[in-house]
Amino acid sequence: MAGIHTHYDTLQVSENASDEVIRGAYRYLSQKWHPDKNPDNPEEAKRVMARLNEAYAVLSDPKRRQEHDAWIAEQRAAGAPGGNGGGTNGKAPPGSGSTDTLRDYYATEIAKGRNFWIWPLAFIGCAMALGLAANLVPSLASLLMKYRYLTLLLLLAGASAVTTSARKKHRDQLLQQHETRILEQRYTEHMRQKTVRQVVIGVSAVLAISGLLAYYGMGWNERQDQLQAAKPDSKKPAPAKPASLQIENACGRDLRFAVHYLPDGGEWRTEGWWNVEANSSTGLRGDLGLIESTNAIFYYYAESLDRKIVWQGRDDDETDATYAFKGRNYRFDRVRLARDADGSYQLKLTC
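Numbered according to the numbering used here, the sequence shown spans residues 10 to 360.
Right, dumping it as structure tokens:
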């Protein structure tokens, strides 16, 4: 397009550039020539920004872009150099001769790490493939376990090879799209630097993991020989089950009975009164059901219905205790009971 300055020249893109390329060019150049970033030459920056806005307004509209392409074709057919391209003034935009071109911008954007995810995915994929092969071939599994440091290096090398291949394919696609040696050289330079960084990071990670394995002595084969399955201890008795409290009234009088006890999983509590008939034996049932516990210590208080006979603790006995019950304080007697053949606690009261 010698002698014809078009909106494509203003944005420094080719005539067959995609909408995405045009947007990127406009974004880059508008940032570069924004008046706030050119305080030394604000008038020139405003003039360039006006041309950029006009060019983008035309090329971002499919209909106006088609009309602009038709105008370019007419100018070429008529051999009219110096045409102004539908609003441009025929001058090359300031900075068009600078080495900081739009293609440099593309190269920098491509190399910013947008495809950095390829490396970790490649490493994971190689690890999964190697694990699958080890499951299918037992001898390979033992070999990998024996030379696990070399296995890590093998995974690193495989991931690097896959990453290099994927990035080369990506680069070739970009080069086919933009067709510029500047892009190829700049891309190659950035990728070389990135590859060196990633190899250094990968080798450092392998060395760190190897050091940790060596430090903690994770010799899996040796540790497996030392590990033994837990065996139940047949000599250790099973935990005792709660037993119920049975009261035997061997006295010839009816009496009433109260108890202070420790239920399993709960706190000490006082319950009563139970009426126990003369010459009878009964199990006690309270608010929680049967009075039962694994603790063989009980505190009890009993008296005949006429209160002439009382079973209670002694004031001079430090093991006995006083508890508030039914609005009064009672001195409860402390007893340790043994289980009978039926597994119950038996308390016999005589008079």
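Built from N, CA and C at the ideal position, the CB exists for glycine as well.
N-terminal and C-terminal residue of the alpha helix (DSSP H) that residue i is part of
i, result
"residue 43", "No alpha helix (DSSP H) contains residue 43, which DSSP labels as neither H nor E."
"residue 87", "71–87"
"residue 19", "16–20"
"residue 353", "Looking at the DSSP string, residue 353 is not in any alpha helix (DSSP H), and its letter there is neither H nor E."
"residue 55", "51–68"
Buried/exposed call for residue i, threshold 16 Cβ in 10 Å
i, result
"residue 84", "buried"
"residue 25", "exposed"
"residue 301", "buried"
"residue 42", "buried"
"residue 218", "exposed"
"residue 294", "exposed"
"residue 66", "exposed"
"residue 268", "buried"
"residue 15", "buried"
"residue 359", "exposed"
"residue 19", "buried"
"residue 144", "exposed"
"residue 57", "buried"
"residue 412", "The requested residue 412 does not occur in the structure, where the chain is confined to residues 10 to 360."
"residue 176", "buried"
"residue 256", "buried"
"residue 68", "buried"
"residue 309", "buried"
"residue 354", "buried"
"residue 356", "buried"
"residue 214", "exposed"
"residue 22", "buried"
"residue 281", "buried"
"residue 258", "buried"
"residue 168", "buried"
"residue 141", "exposed"
"residue 79", "exposed"
"residue 270", "buried"
"residue 156", "exposed"
"residue 149", "exposed"
"residue 216", "exposed"
"residue 17", "buried"
Check whether residue i and residue j have beta carbons under 9 Å apart
i, j, result
"residue 211", "residue 165", "yes"
"residue 324", "residue 343", "no"
"residue 131", "residue 172", "yes"
"residue 272", "residue 248", "no"
"residue 31", "residue 81", "no"
"residue 275", "residue 254", "no"
"residue 331", "residue 339", "yes"
"residue 291", "residue 334", "no"
"residue 55", "residue 71", "no"
Where the beta strand (DSSP E) through residue i begins and ends
i, result
"residue 312", "306–313"
"residue 156", "Here residue 156 belongs to no beta strand (DSSP E), and DSSP marks it neither H nor E."
"residue 257", "252–258"
Bridge-paired residues (DSSP) for residue i
i, result
"residue 295", "298"
"residue 330", "341"
"residue 39", "Its beta-bridge partners do not exist; DSSP assigns none."
"residue 269", "279, 308"
"residue 348", "354"
"residue 284", "265"
"residue 319", "312"
"residue 290", "257"
>> I want to know whether the segment 284–296 touches the segment 317–324 - three or more CB-CB distances under 8 Å.
In response: Contact between the segment 284–296 and the segment 317–324 is absent, because fewer than three Cβ pairs lie under 8 Å.
> Is the number of C-beta pairs between the segment 258–270 and the segment 299–319 that are closer than 8 Å three or more?
Replying inline: Yes: the two stretches touch, three or more of their Cβ pairs being nearer than 8 Å.
>> Taking contact to mean 3 or more Cβ pairs, one atom from each stretch, closer than 8 Å, check whether the segment 337–352 and the segment 294–308 are in contact.
In response: The segment 337–352 and the segment 294–308 touch, with no fewer than 3 CB-CB distances between them shorter than 8 Å.
> Does the pairing of the segment 56–69 with the segment 33–42 give three or more beta-carbon distances under 8 Å?
Replying inline: Contact holds: three or more Cβ-Cβ distances are below 8 Å.
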